[in-house]
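Residue numbers for the sequence shown follow the numbering used here, so the first one is 7 and each next one is one higher.
We put the beta carbon where it would ideally sit given N, CA and C, even for glycine.
For reference, the structure is listed below as structure tokens.
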Amino acid sequence: MDCLFCKIINKEIPADIIYEDDQVIAFNDINPQAPTHALIIPRKHIATLNDISSEDAALVGHMVKTASTIAEQMGFDQDGYRTVFNCNEHGGQTVYHIHLHLLAGKPMGWPPYQETLKKPLDQ
Ligand code: AMP
Ligand code: ZN
């Protein structure tokens, strides 16, 4: 399968792996958007959040639990952090294998939607 993150899982492409177990792996983002920016991905290929079945609920829960475990181990759990799943075009998804972004190290901005990008309905 021609999937970048499956290739990282299969060790065909190198990554800076910070955690792995039988269900998920986590590695540092190649283009970090915060002082700490890791991605937590399932070993199972799932293209988008829309493709998650009820059978995947425990797996996705484990992804979230892995994020909080990494936060605790790296010592930013009390300062806080941001977790994000992007889905499809409007969500800003660019790699079609689900991944949970874990961002930390500075206060995060909110909201992500920029009002200046909004266009009138008649345009
Ligand atoms: P998204 O835009 O939500 O699909 O996020 C994809 C993320 O994958 C981006 O933050 C990229 O910087 C990151 N990324 C792309 N290629 C790699 C790679 N080879 N190793 C680590 N992170 C990557
Ligand atoms: Zn994949």
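Boundaries of the beta strand (DSSP E) harbouring Asn34: 30 to 34, taken from the DSSP string.
If the five residues before and after Lys50 are omitted, its C-beta is found closer than 7 angstroms to the C-beta atoms of Leu65, all from its own chain and listed in chain order. Spanning the alpha carbons of Phe33 and Asn16 requires a straight line of approximately 13 angstroms. Burial state of His103 is buried, judged by a 10 Å Cβ sphere holding 16 or more other Cβ atoms.
One residue after another in chain order, those with a Cβ under 7 angstroms from a heavy atom of the ligand ZN are Met7, Cys9, Phe11, Cys12, His51, His103.
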